[in-house]
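Chemist:
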Amino acid sequence: MEKISFNKSLVISSPHPYVLVTTIGRDNLPDIIGIGWWSFVSWDPPMVGIAVGYKRHTFKNLEFLGEFGLCFPTENMKEGALKAGTISGEGKDMFKVCNFKKVVSEFIKPPLIHGSKVAYECKVAEKLDFGDHRFYIAKIVNIWSHDSKESILFSMGYNKLI
Ligand SMILES: Cc1cc2nc3c(=O)[nH]c(=O)nc-3n(C[C@H](O)[C@H](O)[C@H](O)COP(=O)(O)O)c2cc1C
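Once you know that position 42 of the sequence shown is 41 in numbering that gives the first Met the number 0, the rest is easy, because the numbers rise by one and skip nothing.
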């Protein structure tokens, strides 16, 4: 065994499941962020947690409205999914940037992403600060699925999805 950096450990322990999180802010523009640091945190009730950096536009949106969509993109959405992980949505309509179609949510304001294998509507229940990220723990209030044979996406380091 040898000692390595945290950054290298994240790259060589890839692939990690990659999700897209939709939010909406004061500007009323829906944003999409690619997230690798997320987890299911409760079975009953179903809950999920996402780590969002303080510098992200998504962070501002979540502080404005504690609701988000958590979507599992599929292989045919790879190009747009990588854009969501590399381009900030500040002042942009990320649905246009990523070439994704919106699906109107039932219980939250942010839209979901059409074609996602699974999409959750989530409402923030608790926030925890860790270093340079805030961990948003949320209740899953609605669950959608798109019938597809495509597989979901995983991140390989920070610039490749498989
Ligand atoms: C594979 C991958 C995983 C990422 N995981 C996270 C994450 O867990 N949390 C986070 O805040 N940013 C993460 N990012 C970075 C954001 O997706 C990126 O900075 C995005 O452009 C921020 O958009 P926003 O400013 O519109 O919120 C990740 C990027 C990639 C490529």
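Note that CB positions come from ideal geometry on N, CA and C, so glycine has one too.
#1: What residue range is occupied by the uninterrupted alpha helix (DSSP H) comprising Lys100?
#2: Beta-carbon separation of Ile139 and Pro72 under 8 angstroms?
#3: To which residues of the same chain is Ser115 closer than 7 angstroms at the C-beta, ignoring the five residues directly before and after it?
#4: Could you check what DSSP says for Ser144 in three-state terms: helix, strand or coil?
#5: Any chance the CB of Ala118 is under 7 angstroms from a heavy atom of ligand 3?
#6: Is Ile112 closer than 8 angstroms to Thr21 when the C-beta atoms are compared?
#7: Tell me which residue opens and which closes the beta strand (DSSP E) that Phe129 is part of.
#8: Cβ of Glu89 within 7 angstroms of any heavy atom in ligand 1?
#9: Quick check: the Cα distance between Glu62 and Met0, rounded to an integer number of angstroms?
#10: Any heavy atom of ligand 1 inside 7 angstroms of the beta-carbon of Tyr135?
#11: At a cut-off of 7 angstroms, would you count Arg55 as near ligand 1, judging by its Cβ distance to the nearest heavy atom?
#12: Where does Phe58 fall in DSSP's three states?
#13: What residues in its chain sit with their C-beta under 7 angstroms from that of Val103, if we drop five residues either side in the sequence?
#14: Measuring straight from C-alpha to C-alpha, what distance separates His132 and Glu66?
#15: When we look at the beta-carbon of Ile99 and count the other beta-carbons within 10 Å, is it buried (16 or more) or exposed?
#16: Would you mind working out which of Lys2, Ser41 and Tyr119 sits nearest Val18, comparing C-alpha positions?
Modeler: Judging by the given coordinates:
#1: By one-based count along the sequence shown, residue 100 stands at place 101. For Lys100, no alpha helix (DSSP H) run applies, since DSSP gives it neither H nor E.
#2: Taking the sequence shown and counting its residues from 1, the one referred to as residue 139 is at position 140. Taking the sequence shown and counting its residues from 1, the one referred to as residue 72 is at position 73. Cβ distance not < 8 angstroms, so Ile139 and Pro72 don't count as in contact.
#3: Residue mapping note: residue 115 aligns to position 116 of the sequence shown, counting from 1. By the criterion of a C-beta distance shorter than 7 angstroms, Ser115 is surrounded in its chain by Cys70, Phe71, Pro72 and His145, once the five residues flanking it on both sides are discounted.
#4: Here the question's residue 144 lines up with position 145 in the sequence shown. Correct three-state label for Ser144: strand.
#5: No copy of ligand 3 occurs in the structure displayed; its ligands are ligand 1 alone.
#6: Numbered from its first residue, the sequence shown carries residue 21 at position 22. Numbered from its first residue, the sequence shown carries residue 112 at position 113. For the pair Thr21 and Ile112, the CB atoms are nearer than the 8 angstroms cut-off.
#7: Counting from 1 along the sequence shown, the entry for residue 129 is found at position 130. Val117 to Phe129 is the extent of the beta strand (DSSP E) around Phe129.
#8: In the sequence shown, residue 89 corresponds to position 90, counting from 1. Yes, Cβ of Glu89 sits closer than 7 angstroms to a heavy atom of ligand 1.
#9: Against the sequence shown, residue 62 aligns to sequence position 63. Against the sequence shown, residue 0 aligns to sequence position 1. Each residue's alpha carbon lies about 42 angstroms from the other.
#10: Start at 1 with the first residue of the sequence shown, and residue 135 comes out as number 136. It does not: the Cβ of Tyr135 is nowhere closer than 7 angstroms to a heavy atom of ligand 1.
#11: To locate residue 55, count along the sequence shown from 1; it is residue 56. In this structure, Arg55 has its beta carbon less than 7 angstroms from a heavy atom of ligand 1.
#12: Numbered from 1 along the sequence shown, position 59 holds the residue referred to as residue 58. In the structure shown, Phe58 sits in a helix (DSSP, three-state: H, G or I).
#13: Working through the sequence shown from its first residue, we reach residue 103 at position 104. In chain order, Pro110 place their CB closer than 7 angstroms to the CB of Val103, counting only its own chain and leaving out the 5 sequence neighbours on each side.
#14: Position 133 of the sequence shown holds residue 132. Position 67 of the sequence shown holds residue 66. Straight-line spacing of the CA atoms in His132 and Glu66 works out to 17 angstroms.
#15: In the sequence shown, residue 99 corresponds to position 100, counting from 1. At residue 99 the sequence reads Phe, which differs from the Ile that was named. Residue burial annotation: Phe99 is buried, with at least 16 other C-beta atoms found within 10 angstroms of its C-beta.
#16: Start at 1 with the first residue of the sequence shown, and residue 18 comes out as number 19. The option with the nearest alpha carbon to Val18 is Tyr119.
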